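Residue numbers (my numbering): 239 to 837. Ideal placement from N, C-alpha and C gives every residue a C-beta, glycine not left out. Model, not experiment: these values are computed from the prediction.
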């Protein structure tokens, strides 16, 4: 019997009535009341002085855990409202209210951190040996170490307060500057006025003239405002570096490495392995240039299609394809995805006023997830849907774990999602109905590798070098252009005929203040998941149980310990990373082989 899966998610099971929901209003009022009680408990909390204080600490942690769930439940729901309808003004107001509650919670959390950091070493060891706290050893030690890395509570509070209008204000200014940019591009014979995002989407347009014009018009816009962007980027970096200096941090990578629970030697090993294995992807870029009738591939042609994918999947067909492939991997993944489809956890309908992109969000009180995307029937859409289901499965795998042990870092956040995507993408290539279809699907996979191994590497190279120069003073726009071009030539290993000197101005990630170095964790997550995928292929059926055990540990150990425990691998060595890269190299070589007759 065929099941018709809903294409619009069901939010009423969470809070009926959308942004006008009385239940949501009551929930947020309750959250404010609970938060006041929590803040009072935190103020009364004293630095632990004996092992007998273990229960007192555990009780406060439990109160904090419930508070986090309460805030996350409403915050995630409001995020869904804003995504499904960008015109929902009431949801935007609720979002501001939710953010204020979260900021108050964060202040209380920082005080708990500071108090735990003040606990004497001998007492601390005894506390963690007590039954109520034993399961939280990793996260408590992490909180304590973080507090030790920071300045005093009073100084850190001052930095946080000043950062609202100083540090984060510059990031908001960047968003405003980009939001005001419009360019006019001729598409299908008609001039169209486009936003930056819309113009960027033309990078994969089938018409070379459209791709080139959109790139050149955007480049004119970046040049016109380059001094504004240079001032913004320098100010963000200056604030960050001055804060680091006051804390006694010399290495700009110290914070992002700590956030991602990984060693610098691991990062070096990853980039080292990638750098040694770029030639197959340079060959792919050269081949693509020839297929497009060019002597060399320009920046604006990197995402250009070389063939048209004709295979289309209805939402039902896409869901059934995913379930079939998930079932080949393991029953839990298949049954979970079936539940998500049947219960209406997925917003997939193609309609106006939805925000772009896709995401997965968890609702901890109801122990559910919601997935957002716009499904239009391409194989790429099917892969995206599988990707987001992978994120949701990660949350599902963590259900037996206490909520305080569920906060996994950005670098491993893409593990389950990319793993699920690879299952579907590999199957799609194998099931391609024609040579052209197979070429299109392979190219989609190889383009992803180029993005992670070359584009993101060039971003990392640019950012590390920029921060070193920024220590000595403001870096002018002309120098930023030079640093960007140098980084792209190195990152793409000379595989491009032209670079994008103002990429530093065009990329939002450089201006995100809440997460420093918003680049290498993507490549880490992509390659780490590919290595896990290689392990799954090696072991065959029965790997699912080991896989779920790995996911459950993503928030309670370092990246290095996680890999050693579950994969028996040392990720500080290049050999580990080369296993995942090898899978990508196979795709590039197969693409070149399939298209060689057409060159």
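Take the Cβ of residue i as the centre, count every other Cβ of all protein chains shown within 10 Å, and call the residue buried at 16 or more, exposed below.
i           : result
residue 251 : exposed
residue 575 : buried
residue 694 : buried
residue 634 : buried
residue 254 : exposed
residue 489 : exposed
residue 697 : buried
residue 675 : buried
residue 321 : buried
residue 390 : exposed
residue 761 : buried
residue 553 : buried
residue 649 : buried
residue 775 : exposed
residue 259 : buried
residue 278 : exposed
residue 779 : exposed
residue 710 : exposed
Counting only the same chain and skipping the five closest in sequence on each side, list residues whose C-beta sits under 8 angstroms from that of residue i.
i           : result
residue 625 : 596, 655, 656, 658 and 659
residue 777 : 784
residue 641 : 303, 306, 307 and 602
residue 265 : 253, 308, 311 and 312
residue 239 : Bear in mind that a pLDDT of 49 at residue 239, under 50, signals an unreliable position, so the number given afterwards is only what the model happens to contain. Within the same chain, residue 239 has no close Cβ partners at all.
residue 463 : 415, 419 and 743
residue 507 : 809, 810, 811, 812, 814 and 815
What residue range does the beta strand (DSSP E) around residue i cover?
i           : result
residue 615 : First-last for residue 615: undefined, no H or E at that position.
residue 430 : 428-433
residue 420 : 420-425
Could you spell out where the alpha helix (DSSP H) holding residue i opens and where it closes?
i           : result
residue 484 : 464-485
residue 704 : 694-708
residue 721 : 715-729
residue 597 : Run containing residue 597: none in the alpha helix (DSSP H); it sits in the beta strand (DSSP E), 597-601.
residue 809 : Note, residue 809: premise wrong, no alpha helix (DSSP H); not H, not E.
residue 553 : 553-567
residue 690 : Counting along the chain, residue 690 falls outside any alpha helix (DSSP H), and DSSP gives it neither H nor E.
residue 766 : 758-777
residue 275 : 260-282
residue 736 : Note, residue 736: premise wrong, no alpha helix (DSSP H); not H, not E.
residue 379 : 375-387
residue 669 : Here residue 669 belongs to no alpha helix (DSSP H), and DSSP marks it neither H nor E.
residue 504 : 502-514
residue 839 : Only positions 239 to 837 of the chain appear in this structure, which leaves residue 839 out of reach.
Just confirm the distance between the C-beta atoms of residue i and residue j, as a whole number of angstroms; I'd bet it's less than 8 angstroms.
i           : j           : result
residue 749 : residue 336 : Between residue 336 and residue 749 the Cβ distance is about 23 angstroms, and since that is not below 8 angstroms, they are no contact.
residue 446 : residue 561 : Incorrect: roughly 39 angstroms between the Cβ atoms, too far for contact.
residue 637 : residue 605 : 6 angstroms
residue 273 : residue 343 : 6 angstroms
residue 460 : residue 735 : The Cβ separation is near 20 angstroms, so there is no contact.
residue 805 : residue 792 : Going by Cβ atoms, the distance from residue 805 to residue 792 rounds to 13 angstroms, so no, they are not a contact pair.
residue 810 : residue 358 : Going by Cβ atoms, the distance from residue 810 to residue 358 rounds to 33 angstroms, so no, they are not a contact pair.
residue 451 : residue 481 : About 42 angstroms; that fails the 8 angstroms criterion.
residue 665 : residue 546 : Rounded, the Cβ-Cβ distance is 21 angstroms, inconsistent with contact.
residue 339 : residue 269 : 6 angstroms
Apart from the five residues just before and just after residue i, which ones in its own chain have a Cβ nearer than 6 angstroms to its Cβ?
i           : result
residue 632 : 654 and 789
residue 453 : 538
residue 551 : 615 and 620
residue 700 : 721, 722 and 725
residue 826 : 518, 519, 522 and 684
residue 243 : 557 and 579
residue 768 : 818 and 821
residue 807 : 801 and 814
residue 587 : 245 and 246
residue 568 : 782
residue 600 : 607 and 633
residue 448 : 425 and 440
residue 413 : none
Closer than 7 angstroms by C-beta to residue i: which residues in its own chain qualify, once you throw out the five before and the five after it? Chain order, please.
i           : result
residue 499 : 647, 796 and 797
residue 830 : 521, 522 and 525
residue 708 : 472, 475, 476 and 479
residue 213 : The structure shown does not extend to residue 213, since the chain spans only 239 to 837, so no value can be given for it.
residue 835 : none
residue 356 : 285
Any 3 or more C-beta pairs closer than 8 angstroms across the stretch 718-731 and the stretch 687-698: yes
Counting beta carbon pairs with one atom in the stretch 373-390 and one in the stretch 348-357, are three or more of them shorter than 8 angstroms? yes
Contact the stretch 431-442 vs the stretch 702-718: 3+ CB pairs below 8 angstroms: no
Pairs of beta-carbons, one from the stretch 310-329 and one from the stretch 400-407, closer than 8 angstroms: are there three or more? no
Three or more beta-carbon pairs under 8 angstroms between the stretch 291-299 and the stretch 361-371, yes or no? yes
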